[in-house]
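What follows is one structure encoded as structure tokens, with my remarks underneath.
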Amino acid sequence: MKRNGNYGHHHDGVDSMALAMAYVPWQHWDQIYCPEEGLACGTIFPELNKPFYGKAGCRR
228 MKRNGNYGHH
238 HDGVDSMALA
248 MAYVPWQHWD
258 QIYCPEEGLA
268 CGTIFPELNK
278 PFYGKAGCRR
């Protein structure tokens, strides 16, 4: 076990840490797109249709 001099926290390196944690909200089947529109949008759920408008992640 190593001691972090800056904060006083103890750690055993990344081997003792969890790989990842996810938060996945339950998806309700209220409204869905027709198959053609879902394919064009990349999702059948209108609430998840979040088109990307931008240029390489840069602000204008």
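The sequence shown begins at 228 in the working numbering and counts up by one. Every residue gets a Cβ at the ideal spot worked out from N, C-alpha and C, and that includes glycine. Quantities reported herein were computed from a predicted structural model and do not represent experimental measurements.
Taking 8 angstroms as the limit between beta carbons, can you name the residues of its chain near Ile259, skipping five residues before and five after? To locate residue 259, count along the sequence shown from 1; it is residue 32. Taken in chain order, the residues that qualify are Gly265, Ile271, Phe272 and Pro273.
Out of Leu275, Ala249 and Gly281, which has the shortest C-alpha to C-alpha gap to Trp256? Here the question's residue 256 lines up with position 29 in the sequence shown. Out of Leu275, Ala249 and Gly281, the CA that lies nearest to the CA of Trp256 is found in Leu275.
Considering just the uninterrupted stretch of the alpha helix (DSSP H) at Pro262, what are its terminal residues? Counting from one through the sequence shown, the residue named residue 262 turns up at place 35. Element bounds for Pro262: Pro262 to Cys268.
Using a Cβ-Cβ cut-off of 8 angstroms (strictly less than) and excluding sequence neighbours within five positions of Val241, which residues of its own chain qualify? Here the question's residue 241 lines up with position 14 in the sequence shown. Cβ neighbours of Val241 beyond the five flanking positions: none.
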